[in-house]
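Undergrad: I am attaching a structure below and will ask some questions about it afterwards.
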Amino acid sequence: MTKWVYTFGDGQAEGNSGLKNLLGGKGANLAEMCNLGLPVPPGFTISTEVCTAFYENDRRYPLDLAAQVDAALRHVGTLTGRIFGDASNPLLVSVRSGARASMPGMMDTVLNLGLNDVTVEAMASLASNPRFAWDSYRRFITMYSNVVLDLDHHNFEDILEEFKDSKGFTLDTELSAEDWKQIVGAYKNCVQEKLGRPFPQDPHEQLWGAIGAVFGSWMNARAIKYRELHSIPESWGTAVNVQAMVFGNMGETSATGVAFTRNPSNGAKELYGEFLLNAQGEDVVAGIRTPQDITEAARIAAGSTKPSLEMSLPEAYAELVRIYGLLEKHYRDMQDLEFTVQQGKLWMLQTRNGKRTAKAALRIAVDLANEGLITREEAIQRIDPAALDQLLHPTIDPNATRVVLSTGLPASPGAATGAIVFTSEEAEQAVKEKRKVILVRVETSPEDIHGMHAAEGILTTRGGMTSHAAVVARGMGKPCVSGAGAIRIDMVSGTMTAGGRVLKRGDFITIDGSNGQVLLGEIAMLQPELSGEFGTLMGWADAFRRLRIRTNAETPLDARTAVKFGAEGIGLCRTEHMFFDGDRIIAMREMILADDEKGRRTALDKLLPMQRSDFVELFEIMRGLPVTIRLLDPPLHEFLPHEAREIQEVAEAMGTNAEKLRLRALELKESNPMLGFRGCRLAVAYPEIAEMQARAIFEAAIEAGRKSGAPVTPEIMVPLVMTKAELDLVKARIDAMAKMVGEEQGVELNYSVGTMIELPRAALKAGDIAKSAEFFSFGTNDLTQTTLGISRDDAGSFLGSYKARNILTEDPFVTLDQEGVGELVQLAAERGRRTRPDIKLGLCGEHGGDPASIAFCESVGLDYVSCSPFRVPIARLAAAQAALGKVTKAEG
Ligand code: PEP
Ligand code: MG
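Here the numbering used here is used: the first residue of the sequence shown is 8, the next is one more, and so on.
In structure tokens:
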């Protein structure tokens with residue numbers, strides 16, 4: 008017989024934290040907390056295997072499930088001294104989802120299940136608190152009707168609001184037991200009216216309804232979208248946790264709350280969270296009442312007048328402090344806790360590794376390692392390299408003028424600017440039109456995930472630091488300001504009123520997720536400075552990695568940024584990118600369009616001083632670090648003049664007539680620009696171009712070496728080579744130029760000449776090419792294009808269909824196709840090394856900044872990867888993780 012159901016309670020559990028796949032995160036951790044002897048209300052977990060079986064069998068349960076659930080219910084009854092469905096001593100339960108990976112708010116929950124017209128009376132007398140019993144019953148009807156019966160919340164909210172209006176009440180707390188009882192009556196009538204059948208009274212029917220709804224919610228639209236965004240396989244399924252209720256709404260000595268064992272925004276070591284007195288879990292999450300702080304220190308810092316948990320329920324607080332320390336030690340990570348205090352006694356409802364910002368993740372990993380709870384290797388492996396992007400986001404320039412419209416909570420760090428939109432649909436549409444927007448909402452719900460994803464940042468007028476908007480934005484790494492209560496949104500007129508101004512949909516605002524400010528207009532941003540824990544962790548990563556990290560840079564700004572981020576050289580200087588601006592593009596076009604050598608040399612003479620001074624600056628910034636300069640590789644279509652005005656400009660510079668030039672441009676026009684007259688083909692046809700570049704490089708190397716005292720050893724790279732003969736031809740010109748410049752200046756030049764491997768033929772013939780090449784740099788952008796036969800320019804139009812159909816799991820221009828392109832890289836590396844054992848091997852395609860591709864480079868033993876400046880830290884960390892991963896595998 009398959010075991011479908013696992014019980015926990017009273018210091019014992021059938022599961023443990025190792026069974027996440029089977030019990031889901033919540034179920035496994037509830038079991039673990041029980042085993043640790045912590046106060047957990049007894050319950051049971053229906054395994055994820057049931058979910059899988061349910062969907063495989065046309066939404067039918069395994070036959071023996073019902074018997075196992077009954078037995079588990081009896082067991083919970085024994086532990087609590089209550090009986091499910093009993094008229095005088097009823098057991099009430101909660102029913103919650105719990106997948107392997109946390110999917111906050113995506114699936115359904117029902118609380119207070121087991122209440123009906125009879126058990127509500129029993130609860131009233133058992134608790135000597137009829138108000139509590141009827142309040143719980145109305146909550147149950149609302150939740151159950153919404154989750155299981157598919158009746159919208161607003162049906163019930165409207166009834167409640169009307170009732171309060173009729174009595175002149177404003178707060179729920181003003182309602183008596185008798186009032187709630189009347190509301191329950193109205194709620195039940197509403198269900199009867201809307202559905203033509205009564206609200207279910209049989210607790211077993213209620214239970215199976217709720218279990219079915221939770222399993223059903225695995226396939227709701229928002230859960231599907233969340234799985235898609237987080238790469239969670241559908242086959243994992245969710246578990247269902249059925250647990251004896253404990254009540255945070257039993258009066259002023261009861262409460263419910265959520266807490267993080269460290270600050271999830273900045274990682275500070277402090278108990279951080281919120282609670283509400285006399286409330287149930289959904290009240291905290293919904294953000295309708297303003298939550299209170301847990302610690303006195305937090306309350307004082309926030310300037311709140313509402314008492315902290317520490318002051319209002321000191322014993323429960325002390326117990327929470329004891330437990331949080333214990334859980335952190337046990338799990339060796341920051342925990343996200345849910346708790347309820349029932350009449351002064353603390354109960355734990357959940358623990359899990361807490362979601363955090365990248366900033367917090369760094370600080371927590373470094374602190375935990377320094378506290379001896381984890382090793383440095385573990386600290387390195389805990390940081391998702393891609394998440395470092397969050398730290399590299401711009402912040403608002405402190406010198407910029409800020410017109411503060413309002414201030415909310417600093418829910419997720421970073422600053423963002425965009426046009427106001429009020430719905431997720433508008434946000435998604437705007438992104439399609441390449442417009443940047445800020446999503447402005449009263450509060451967000453899981454329905455808004457797609458809009459939040461599309462927006463630059465999120466602003467809400469309601470909700471605390473653990474509200475949906477705050478938690479989800481932090482997870483996404485998006486700036487978010489929540490709870491900006493002074494802002495009024497008018498959906499009908501499409502306006503928001505803030506700081507005495509009325510702003511329309513489409514007007515620009517800026518939000519600062521680090522201090523909660525909402526600012527008028529677009530504001531100047533600053534590039535981030537990296538220090539503290541970032542530097543520490545990067546230092547640790549550097550000690551473990553083998554791969555060197557270089558950068559792709561051609562401007563002084565890029566080179567400086569990359570050096571600041573720890574780049575150990577330039578792996579690719581695309582010389583053609585040095586000619587995009589101003590006068591330079593004209594000289595470049597002149598050179599390309601010249602129809603004889605004389606014309607070309609005239610243009611090259613103009614380009615030489617520009618090249619030389621650029622190289623001098625780069626060499627100086629890099630201070631003796633290796634610099635690979637690639638000879639010109641211009642995809643011609645990017646450089647040819649298109650408009651009449653541009654053609655006229657070049658014609659004037661060349662002293663020729665525009666019509667002649669237009670015809671020449673037409674002649675050069677290609678339908679396959681990425682495979683055309685570019686790369687070394689240019690140097691083969693017009694060697695004087697390579698000569699000019701070589702001269703500029705050598706003269707700059709001598710000048711920079713003299714100025715800085717650090718000798719420069721340039722690496723000259725020949726692009727798009729397919730045969731050794733091409734390389735030899737270009738290399739001969741470079742060597743001759745080295746000799747000439749050396750003689751002119753009376754110095755011996757040190758330099759190396761290598762090639763890019765970016766064509767399949769070059770990879771296959773690498774052994775031959777290595778006879779002439781002192782280094783290879785894999786140009787995986789072109790190698791991907793030419794191996795897959797997918798053009799770099801138009802892949803976007805169909806790659807989406809390939810991903811949707813799982814033909815390709817990733818965009819091969821983002822993450823290296825290891826099976827195909829990777830095999831060519833590996834083969835070329837092997838063949839190159841066979842010919843020249845000390846050949847230097849690097850990779851400079853976009854894949855050089857992608858963690859999965861970096862792991863591949865480590866596995867085939869390349870010497871370095873080269874990536875854009877902002878990805879250098881990501882690459883440093885990914886390289887360390889790759890090196891550590893390799894050690895673990897070898898040991899295991
Ligand atoms: C490449 O092809 O991978 C490369 C780095 O060169 P480019 O992107 O300039 O063609
Ligand atoms: Mg290329």
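From the three backbone atoms N, C-alpha and C, an ideal C-beta is built for every residue, glycine too.
1. In chain order, which continuous runs of the beta strand (DSSP E) of length 3 or greater are located wholly inside the stretch 739–787?
2. Spell out a yes or no on whether the stretch 72–89 and the stretch 364–374 are touching, meaning 3 or more CB-CB pairs, one atom from each, closer than 8 Å.
3. Check whether the Cβ of E781 lies closer than 7 Å to any heavy atom of ligand 2, and answer yes or no.
4. Quick check on DSSP: helix, strand or coil for P880?
5. Quick check on the DSSP output: what are the complete alpha helix (DSSP H) runs of length 4 or more inside the stretch 811–869, in order along the chain?
6. In chain order, what residues of the same chain have a beta carbon less than 6 Å from the beta carbon of A394, not counting five sequence neighbours either side?
7. Cα-Cα, which of F91, Q250, F785, A769 is closest to T116?
8. Contact defined as beta carbons within less than 8 Å: I believe P633 pairs with E722. What is the distance between those atoms, to the nearest angstrom?
9. Please determine if the stretch 334–351 and the stretch 254–267 are in contact, where contact requires at least 3 C-beta pairs separated by less than 8 Å.
10. Apart from the five residues just before and just after N248, which ones in its own chain have a Cβ nearer than 7 Å to its Cβ?
11. Check whether the Cβ of P844 sits closer than 7 Å to any heavy atom of ligand 2, and report yes or no.
12. Taking Cβ to Cβ, would you say L734 is nearer than 8 Å to V748?
13. Does the distance from the CB of I403 to the CB of R512 come in under 8 Å?
14. Where the beta carbon is closer than 7 Å to any heavy atom of ligand 2, which residues qualify, in chain order?
15. Where H400 and W225 are concerned, what is the direct C-alpha to C-alpha distance, given to the nearest angstrom?
16. For the alpha helix (DSSP H) holding V127, just list the boundary residues, first then last.
17. For the stretch 195–254, which segments carrying the alpha helix (DSSP H) assignment without a break, of at least 4 residues, lie completely within its bounds, in sequence order?
18. Which class does E168 belong to by DSSP, given the choice of helix, strand or coil?
19. Measure the C-alpha to C-alpha separation of G631 and D549 and round it to an integer number of angstroms.
20. Where in the stretch 484–551 do unbroken runs of the beta strand (DSSP E), each at least 3 residues long, occur, reported from the N-terminal end onward?
21. What are the boundary residues of the alpha helix (DSSP H) that includes N377?
22. Entirely within the stretch 84–125 and at least 3 residues each: give me those beta strand (DSSP E) ranges in chain order.
23. Would you identify the three-state DSSP class for Y68, choosing helix, strand or coil?
24. Report yes if the C-beta of L30 is less than 7 Å from at least one heavy atom of ligand 1; otherwise report no.
25. Excluding sequence positions up to five away, which residues of its chain have a Cβ less than 6 Å from the Cβ of S521?
26. On the criterion of 16 or more Cβ atoms from any shown chain inside 10 Å, does N406 qualify as buried, or is it exposed?
27. Who are the Cβ neighbours of Y151 in its own chain at under 6 Å, not counting the five residues just before and after it?
28. With DSSP as the reference, label V410 as helix, strand or coil.
29. What is the C-beta distance between F785 and T762, in whole angstroms, given that I count them as a contact (C-beta under 8 Å)?
30. Quick check: the Cα distance between L356 and E39, rounded to an integer number of angstroms?
31. Can you tell which of M8, A859, V754, A505 has the C-alpha that lies nearest to the C-alpha of G712?
32. Compute the Euclidean distance between the alpha carbons of N270 and D343, then round it to the nearest angstrom.
33. Would you kindly check if the distance between the Cβ of M699 and the Cβ of L756 is under 8 Å?
34. Hey, would you say the C-beta of G796 is under 7 Å away from at least one heavy atom of ligand 1?
35. If we call anything under 8 Å between Cβ atoms a contact, is G849 one with V879?
36. Does the beta-carbon distance from R339 to L380 come in below 8 Å?
TA: So, from the listed chains and residues:
1. List check, beta strand (DSSP E) in window: 759–764, 782–785.
2. Cβ pair count under 8 Å is below three, so no.
3. Relative to ligand 2, E781 has its C-beta separated by 7 Å or more from all heavy atoms.
4. In the structure shown, P880 sits in a helix (DSSP, three-state: H, G or I).
5. 828–842, 858–866, all fully within the stretch 811–869.
6. Closer than 6 Å at the Cβ level, and outside the excluded window around A394, lie A365.
7. Of all alpha-carbon atoms in F91, Q250, F785, A769, the one lying nearest the alpha-carbon of T116 is that of Q250.
8. About 6 Å separates the beta carbons of P633 and E722, which is inside the 8 Å limit, making them a contact pair.
9. They touch, by the three-pair rule.
10. These residues qualify, in order along the chain: K33, G34, L37, G50, T52, R103, G105.
11. For ligand 2, not one heavy atom lies less than 7 Å from the Cβ of P844.
12. V748 sits away from L734, with the two beta carbons spaced by 8 Å or more.
13. No, the pair does not count as a contact, with Cβ atoms beyond the cut-off.
14. That gives D640, P726, L727, M763, E765, G786, N788, D789.
15. The alpha-carbon atoms of H400 and W225 are separated by roughly 34 Å.
16. Element bounds for V127: 126–133.
17. Uninterrupted alpha helix (DSSP H) stretches at least 4 residues long and entirely within the stretch 195–254 occur at 210–224, 228–237, given in chain order.
18. The answer is helix: DSSP assigns E168 an H, G or I state.
19. About 20 Å.
20. You should have 487–489, 495–497, 502–505, 508–511, 515–519, 524–527.
21. Judged by DSSP secondary structure, N377 falls within the alpha helix (DSSP H) whose first and last residues are 365–377.
22. DSSP runs (the beta strand (DSSP E)) wholly in the stretch 84–125: 100–106, 116–120.
23. Coil at Y68, not helix or strand.
24. Remark: the C-beta of L30 is outside contact range of ligand 1, defined as less than 7 Å to any heavy atom.
25. For S521, same chain residues with a beta-carbon under 6 Å away, outside a window of 5 residues either side, are P417, P420 in chain order.
26. It counts as exposed.
27. Closer than 6 Å at the Cβ level, and outside the excluded window around Y151, lie V117.
28. V410 carries a coil assignment under DSSP once its states are collapsed to helix, strand and coil.
29. Contact between F785 and T762 is ruled out by a C-beta separation of about 10 Å, above the 8 Å threshold.
30. Near 12 Å, if we compare the C-alpha coordinates of E39 and L356.
31. For the residues M8, A859, V754, A505, the minimum Cα distance to G712 belongs to V754.
32. Inter-residue distance for N270 and D343 is about 10 Å (C-alpha atoms, whole angstroms).
33. Contact: no.
34. No, the Cβ of G796 stays beyond 7 Å of every heavy atom of ligand 1.
35. No.
36. Yes. Within cutoff.
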